[in-house]
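Student: In my numbering, the protein residues as written are 928 to 1132.
Submitted below is the structure of interest, expressed as structure tokens.
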Amino acid sequence: IVSFFINIGYNFIALDSSLYPIYGIIFATVISLLLCSLHLKYAAYSSAFGVMMNSLIIATLIITANISNSHSNNEISNISLHYSIWNSSGVPISLGLMAFCFGGHGASPGIYSSMQDKSKYTMVLLYSSIVVISIYLSVMVIGYISFGQYTNIPVTLNIGKELDGSNIQTYWVNGKLLRSIAAVGIIFNLQVTSPLVTYPLREIL
């Protein structure tokens, strides 16, 4: 739960660099308290909206990848991409990100108990897992193929930037705008998902 708030806080910086992360954390805490008052059925609808926000994030990533790679191929920069199958230094943070990505499973028992037709639980769990894993794999593959050794952790830090780290600036795309759009998608995604993640705690209290 704390990691949700911290992630939201730091994504606020992408919207306005003059903002401090603490403002985003306070905002996320207040909104989450309001959303947590929703019945789980309505919280599930808000979570589905959060999944749709991922398509916005993937779109900004694809646009960034296309522009940065086309600039590199046109010899605007002398940067070439290299790939490695294994990097042991990235294992700890990768495991932490994987645990965070699937951190909502604690809400599964509560979702099951609140379902009107419990016979559909297995199907819902299977389909939702396929959708989520597909989104994660898409971001992983697109990000690493596009940015190679310049891939940041998380890859969303590459959005709106050239391979050399400078801002993308074309006649129709602005790097800062791309980062702002991605940040809004991430903030909405995390914010509307928080009621499901906090549901087990609410039940205990």
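Built from N, CA and C at the ideal position, the CB exists for glycine as well.
(1) On the DSSP bridge list, what partners appear for residue 1101?
(2) According to the neighbour-count rule (16 or more other Cβ atoms, all chains shown, within 10 Å of its Cβ), is residue 1092 buried or exposed?
(3) Would you mind sorting residue 1097 into buried or exposed? The rule is 16 or more other CB atoms within 10 Å of its CB.
(4) Are three or more beta carbon pairs between the stretch 1100-1112 and the stretch 949-967 nearer than 8 Å?
(5) From the DSSP output, in three-state form, read off residue 1112 for me.
(6) Within 10 angstroms of its Cβ, does residue 1088 collect 16 or more other Cβ (buried), or is it exposed?
(7) Taking Cβ to Cβ, would you say residue 1073 is nearer than 8 Å to residue 992?
(8) What residue range is occupied by the uninterrupted alpha helix (DSSP H) comprising residue 1028?
(9) Just the C-alpha distance for residue 1046 and residue 1032, rounded to the nearest angstrom, thanks.
(10) Starting from residue 1039, trace the alpha helix (DSSP H) both ways and give me its first and last residue.
(11) Closest to residue 949 by C-alpha separation, out of 959, 962, 963 and 934, would be which residue?
(12) With 16 as the cutoff for other CB atoms within 10 Å, does residue 922 come out buried or exposed?
(13) Should residue 995 and residue 1090 be called a contact, given that it needs their Cβ atoms to be closer than 8 Å?
(14) Per DSSP, residue 1088 forms a beta bridge with which residues?
(15) Please identify the residue among 997, 1108 and 978 whose C-alpha is closest to the C-alpha of residue 1058.
(16) Which of helix, strand or coil does DSSP assign to residue 1107?
(17) Closest to residue 980 by CA distance: which of 1117, 1122, 1121 and 1105 is it?
(18) Hey, residue 1112 and residue 984: beta-carbon distance below 8 Å or not?
(19) So, at 6 Å on beta carbons, what are the nonlocal neighbours of residue 973 in its own chain, with the 5 sequence-adjacent residues on each side left out?
(20) Out of 939, 1082 and 963, point me to the one whose CA is closest to residue 914's CA.
Tutor: Concretely, from the data shown:
(1) 1096
(2) exposed
(3) exposed
(4) no
(5) helix
(6) buried
(7) yes
(8) 1018-1028
(9) 19 Å
(10) 1035-1041
(11) 934
(12) Outside the displayed span of the chain (928 to 1132) sits residue 922, for which this structure offers no information.
(13) yes
(14) 1094
(15) 978
(16) helix
(17) 1117
(18) yes
(19) 1119
(20) With the chain covering only 928 through 1132, there is no way to say anything about residue 914.
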